[in-house]
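These notes are about the structure you will find just below.
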Amino acid sequence: MLKCCCIGTLLCCIVPIIFFAARQQQQPSWVPTPPTFVQNLYHTKFKPPANAPAGSELECSICLLAYTEEDEIIPLPCDERHFFHASCITQWLETNNCCPLCKAPVTQEALAQQQAQLGAGNAVAENRIVM
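Numbered per mature numbering (1 follows the signal peptide of the UniProt record, and there is no 0), the sequence shown spans residues -20 to -1, 1 to 111.
Here you go:
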């Protein structure tokens, strides 16, 4: 009987420790984005999409405020639909190196690819936000 109690107690203590350690390894490292990356991100003005349903409002996923026409926004390189108020995403990137929506890292390669696409005239460069 004493063995069962000891084994049960050990399992109750060890299993949570194992789960905690596994969870810690799965979490991304929260490191700031280099300031040069933030300075080189593409800025544009928000223009409501022509294909938006009547009465719908897009909002910044960070501050949860609706975009107004001519708000300065920054689309991240991971996805042209991942755009935020410039001030919101700048503050976010001071402590994180990933997109707040998909957690994709903001890397030099992604930034270079975005700039190449902007040069080719994709939807973001034309100020069309795809829903």
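Beta carbons are placed, not taken as given, at the ideal position from N, Cα and C, and that holds for glycine.
Legend entry - K25 - partner residues in DSSP beta bridges: For the purposes of this step, residue 25 is taken as the residue at position 45 of the sequence shown. Note: K25 sits in a beta bridge opposite E52.
Inset, instruction - Quick one: give me the first and last residue of the alpha helix (DSSP H) that A66 is part of. - result: On the sequence shown, position 86 is the one that residue 66 refers to. Segment A66 to L73, the alpha helix (DSSP H) holding A66.
Legend entry - Counted within 10 angstroms of its Cβ, other Cβ atoms place T13 as buried (16 or more) or exposed: Reading the sequence shown from its first residue, position 33 is the one you call residue 13. T13 should be labelled buried.
Inset, instruction - Name the residue from N76, C43 and T87 whose alpha carbon lies nearest to the alpha carbon of F17. - result: Along the sequence shown, one-based indexing puts residue 17 at 37. It is T87 whose Cα lies nearest to the Cα of F17.
Legend entry - Where C78 falls: helix, strand or coil (DSSP): Residue 78 sits at position 98 when you count from the first residue of the sequence shown. Strand, per DSSP.
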